[in-house]
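S.K.: One structure, pasted below without further comment.
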Amino acid sequence: MRALLTGVVLVAAVSLISPWAVLIVKGSLLTGNAIPVIAVLFFFVLTALVSPLLKSLSRRLAFTRADLILIYAMMLVAGAVVTTGFTGGFMSIISGIYYYATPENNWANLFIPHLDPWVTPQDPEAVHLFFEGLPPDVSIPWSAWAIPLAMWTSFMVAFSVVMFCLGVMLRGQWIDRERLVFPLTQLPLAMIEDAESAERRVGRFFKSRLLWLGILLPLLLHSWNSLHNYHDAFQPLAVKGRIPLLDGRMSVPFLLNFPVLGLSYLMPLGVSFSLWFFCLVGLLEQSAFARIGVQLSGGDMWTSGGASPPLSLQMSGAMLVLVLFVLWNARQHLGSFWRQALGREESTRRELLGPRAAVCGFAGGLLFMLAWLISTGLDVYVAILLVIGALVVFIGLARITCEAGLPSIQTPMVPQAFMIRGFGPQVLGLQNMTGLGLSTVWLGDTAANMMNSVMHSLRLSSGQERYLRHLPWALLLALVVALVGSIWYTMSLAYAHGGINLHGWYFRGVVRWPFNHMASLANAPEASFAPRLTFITLGASVMGALLYLRQRFLAWPLHPIGFPVSNTHPIITFGWLSILLAWLCKATILRYGGVRLYRTMRPFFLGLALGEFSASALWVFIDGAFGVEGNMIFVF
């Protein structure tokens, strides 16, 4: 009970601090990825300071290993929905379609007539004040928001239940059979390795000098650069820029990202090599296409990071093949799981959720999602394809994260893009296009997704199921607390300051992105999907070849996992250089120092991640206190 209460308190803190850091301070992203900064820092304080202090008073007071896992898992779930994951932009989307409608964009005729009243707030004054702020002595019009907030929250709960049940169904295959590395769990596991030791009050991990050296390097560097915002005497040290290639005909952005550098050290060498290799190959391919005139007319929704549509389509084809391969590999396990759910086979392992409950929860959640989407106006076939596309995206991203350990990855293209281009606006109709635009609330920015949080929670709890039998209910409680807390606080900030005065993406860009795109297609529809299908097929074929070669030849150097996300925004802009440096460091250490030196250096690289996380949070609070905006240290 004490661990549950601690988890609830920390989840509530996450749901308040993260929106404040992003919307008011406009600083580092404290949530929004697979290893939320604020969750790691809370856990660091809990394991390095609070738990040892309690242990020094009495061993009975100290948190057990299972307690700490439960607390961290609750924060992972909260990090998947707060700000980037859901609450940062969803209220802006469902109200901004009215606020940003103008005669020029014609939204009033294209989309607004097709909105159901229970999906969006119906009071024009409530919408206007949400973006421009309340006058003095006027309270927030909660009644105007009650029905849409309740309906969208119910959808997110159902979606999260589907993700958890799917995670339970895949857990045995990924963790027990394939033994995926789960690099992002190594940092929290290192923090709790001596949690129940009677001899050690403070864990060995925290006594490592290499750990503190790794923490100090990014902490001091980013603190020096941050002081430039306060006095010109502190000239910033460059950690980002652009590298010219091909005699200046193109350039590649780079960023020295310490968490990516530190966590990529934990990746298998083949994975890290493939990520940076395919990234550079993709950039060269994009340059070659531009020079010879290979292009597709019009853009697509979320061609990640500004990558050209041909490149994004290739990666999307690769992602589809990856998911099909993952499910094919798991066919025996999933078949056994299904037989256990029907009572035809005895379970050989105790799961956090029984096979029957997992299958029923998965099916029930999917049916609720489909019914919800259809009730918003989507045709049945569109709703089914959208949900299938979402499952492909989240299974694929979770698999890559569990195997590669990247803090943040995004799908190369959202499923809505394929449906809009594949069927065309004339076939879909404006009713379906309106529903697809609203679906970017939960299937738009995929950097933070519940499947990642679920799989890493299940990996951390592996072997502790006897002590964590209430974990599913704790995660559900964390989800509800995070949704309620962050929705309430985001709403309060918007009405207090005016949404248009807060973060530009969450109150402007996130609304205009889907509806401007679809308005442009509705006004000038493109009939043929064949050119795009060519690039999807090309990417799928390359991915199939990579998977075959990886299975056929043990020494094959290119890991397929790197291809589907190699040219997405996080890798191109924030990650490739740090992944390359980590690969060089690890390869050199293993070659000349062996496994022993690799393990010795592990605390140093974990410290690099902790150091940048610490600097990010520290300067969010300092900048918030002094009114400085825009100091983003960690942005991956």
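Position 356 (the sequence shown) corresponds to 356 in the working numbering; numbering is contiguous. By construction, the Cβ of each residue, glycine as well, lies at the ideal position given by its N, Cα and C atoms.
#1: Which word fits Gln295, buried or exposed, when buried means at least 16 other C-beta atoms lie within 10 angstroms of its C-beta?
#2: Quick check on the DSSP output: the beta strand (DSSP E) that includes Leu255 runs from which residue to which?
#3: Counting along the chain, where does the beta strand (DSSP E) carrying Gly499 start and finish?
#4: Taking Cβ positions, are Glu612 and Phe634 nearer each other than 8 Å?
#5: Among Pro407, Leu180, Phe234 and Val168, which has the Cα closest to the Cα of Ile571?
#6: Hey, Ala474 and Leu70: beta-carbon distance below 8 Å or not?
#7: Which of the three DSSP states is assigned to Arg242 in this structure?
#8: Please name the residue in Ser15, Trp488, Phe273 and Ala540 whose C-alpha comes closest to that of Leu324.
#9: Expressed to the nearest angstrom, what Euclidean distance is found between the alpha-carbon atoms of Gly305 and Leu313?
#10: Jot down the residue ranges of each uninterrupted alpha helix (DSSP H) in the segment 306-377, minimum 4 residues, whole runs only, in chain order.
#11: Which term fits Asn33, buried or exposed, when burial requires 16 or more other beta carbons within 10 angstroms of its beta carbon?
#12: In whole angstroms, what is the alpha-carbon distance linking Gly624 and Asn631?
#13: Helix, strand or coil for Gln122? Go by DSSP, reduced to three states.
#14: Going by DSSP in three states, Leu566 sits in which element: helix, strand or coil?
#15: Hey, would you say Gly435 sits closer than 8 Å to Ala158, going by beta carbons?
#16: With a threshold of 16 other CB atoms inside 10 Å of the CB of Trp142, please say whether the residue is buried or exposed.
#17: For the segment 190-228, which segments carrying the alpha helix (DSSP H) assignment without a break, of at least 4 residues, lie completely within its bounds, in sequence order?
#18: Does the beta-carbon of His231 have 16 or more other beta-carbons within 10 angstroms, so that it is buried, or is it exposed?
#19: What is the DSSP secondary structure of Met151, reduced to helix, strand or coil?
#20: Cutting at 8 Å between CB atoms, please list the residues of its own chain near Arg201, excluding the five before and the five after it.
#21: With distances taken between CB atoms, is the gap from Gly270 to Pro557 smaller than 8 Å?
#22: Out of Val50, Val81 and Asn229, which one is the CA nearest neighbour of Ala62?
#23: According to the Cβ coordinates, are Tyr98 and Val119 closer than 8 Å?
#24: With three or more C-beta pairs closer than 8 Å as the rule, is the segment 596-616 touching the segment 552-568?
#25: Using alpha carbons as the reference points, say which of Phe111, Arg399, Tyr100 and Arg421 lies closest to Glu132.
#26: Just to confirm my understanding: we take Thr411, look at its own chain, exclude 5 residues before and 5 after, and list those with CB closer than 6 Å. What are they?
#27: Tell me the rounded alpha-carbon separation between Ser347 and Arg179.
#28: Should the segment 173-193 be called in touch with the segment 398-406, which here means at least 3 C-beta pairs below 8 Å?
#29: According to the Cβ coordinates, are Met450 and Ala80 closer than 8 Å?
#30: How big is the Cα-Cα spacing for Ser580 and Ala363?
#31: Closest to Val25 by CA distance: which of His503, Ser226 and Ser457 is it?
#32: Name the residue from Thr376, Val37, Pro415 and Trp224 whose alpha carbon lies nearest to the alpha carbon of Leu386.
#33: Drop a sphere of 10 angstroms on the beta-carbon of Asn452, count the other beta-carbons inside from all chains shown, and report buried for 16 or more, exposed for fewer.
#34: Tell me which residues share the same chain as Leu639 and place their Cβ nearer than 6 Å to its Cβ, disregarding the 5 neighbours each side in the sequence.
M.R.: Taking the structure as given:
#1: Residue numbering aside, residue 295 sits at position 295 when the sequence shown is read from its first letter. Gln295 should be labelled exposed.
#2: The count along the sequence shown starts at 1 and reaches residue 255 at position 255. Where Leu255 is concerned, the enclosing beta strand (DSSP E) stretches over Met250 to Leu255.
#3: On the sequence shown, residue 499 is found 499 positions in, with the first residue counted as 1. Segment: none, Gly499 is in no beta strand (DSSP E) and carries neither H nor E.
#4: Residue 612 sits at position 612 when you count from the first residue of the sequence shown. Residue 634 sits at position 634 when you count from the first residue of the sequence shown. Taking 8 Å as the Cβ cut-off, Glu612 and Phe634 qualify as a contacting pair.
#5: Along the sequence shown, read from residue 1 onward, the residue named residue 571 stands at position 571. Of the candidates Pro407, Leu180, Phe234 and Val168, the one whose C-alpha sits nearest the C-alpha of Ile571 is Pro407.
#6: Numbered from its first residue, the sequence shown carries residue 474 at position 474. Numbered from its first residue, the sequence shown carries residue 70 at position 70. Yes, Cβ-Cβ distance for Ala474 and Leu70 is below 8 Å.
#7: For the purposes of this step, residue 242 is identified with residue 242 of the sequence shown, where counting begins at 1. Strand.
#8: To locate residue 324, count along the sequence shown from 1; it is residue 324. Looking at the Cα atoms, Ala540 is the closest of the given residues.
#9: For this step, residue 305 is matched to residue 305 along the sequence shown. For this step, residue 313 is matched to residue 313 along the sequence shown. At Gly305, the pLDDT of 49 sits below 50, so the modelled position is not reliable and the matter cannot be decided from this model.
#10: 309-329, 331-341 and 355-375
#11: For the purposes of this step, residue 33 is taken as residue 33 along the sequence shown, with counting starting at 1. Buried.
#12: The residue you call residue 624 lines up with position 624 of the sequence shown. The residue you call residue 631 lines up with position 631 of the sequence shown. If you take the alpha carbons of Gly624 and Asn631, they lie about 10 Å apart.
#13: For the purposes of this step, residue 122 is taken as the residue at position 122 of the sequence shown. Coil at Gln122, not helix or strand.
#14: Counting from 1 along the sequence shown, the entry for residue 566 is found at position 566. Position check: residue 566 holds Ser in this sequence, whereas Leu was assumed. Here Ser566 sits in coil by DSSP.
#15: As a first step, residue 435 must be located in the sequence shown, where it is residue number 435. As a first step, residue 158 must be located in the sequence shown, where it is residue number 158. No, they are not a contact pair.
#16: Your numbering for residue 142 matches position 142 in the sequence shown. By the 10 Å Cβ count, Trp142 comes out exposed.
#17: 209-227
#18: Counted from its first residue, the sequence shown places residue 231 at position 231. Label assigned to His231: exposed.
#19: Residue numbering aside, residue 151 sits at position 151 when the sequence shown is read from its first letter. Helix, per DSSP.
#20: For the purposes of this step, residue 201 is taken as residue 201 along the sequence shown, with counting starting at 1. Hits under 8 Å: Pro52, Lys55 and Ser56.
#21: The residue given as residue 270 occupies position 270 in the sequence shown. The residue given as residue 557 occupies position 557 in the sequence shown. It is a contact, given that the beta carbons lie within the stated cut-off.
#22: For the purposes of this step, residue 62 is taken as the residue at position 62 of the sequence shown. Comparing Cα positions, the closest option is Val50.
#23: Reading the sequence shown from its first residue, position 98 is the one you call residue 98. Reading the sequence shown from its first residue, position 119 is the one you call residue 119. Going by C-beta atoms, Tyr98 is not nearer than 8 Å to Val119.
#24: no
#25: As a position in the sequence shown, residue 132 is number 132, starting the count at 1. Of the listed residues, the one whose Cα sits closest to Glu132 is Tyr100.
#26: For the purposes of this step, residue 411 is taken as residue 411 along the sequence shown, with counting starting at 1. Correct list, in chain order: Val393 and Thr446.
#27: By 1-based counting over the sequence shown, the position of residue 347 is 347. By 1-based counting over the sequence shown, the position of residue 179 is 179. If you take the alpha carbons of Ser347 and Arg179, they lie about 20 Å apart.
#28: yes
#29: Within the sequence shown, residue 450 is the residue found at index 450, counting from 1. Within the sequence shown, residue 80 is the residue found at index 80, counting from 1. Their beta carbons are under 8 Å apart, which means Met450 touches Ala80 by this criterion.
#30: Locating residue 580 in the sequence shown gives position 580, counting from the first residue. Locating residue 363 in the sequence shown gives position 363, counting from the first residue. Correcting the residue type first, residue 580 is Leu in the shown sequence and not Ser. Taking the straight line from one Cα to the other gives about 42 Å.
#31: Residue mapping note: residue 25 aligns to position 25 of the sequence shown, counting from 1. If we check each option's Cα against that of Val25, His503 comes out closest.
#32: Counting from 1 along the sequence shown, the entry for residue 386 is found at position 386. Selected option, being the one with the closest Cα: Pro415.
#33: In the sequence shown, residue 452 corresponds to position 452, counting from 1. Under this definition Asn452 is a buried residue.
#34: Given that the chain is displayed from residue 1 to residue 636, the structure contains no residue 639 and the question cannot be resolved.
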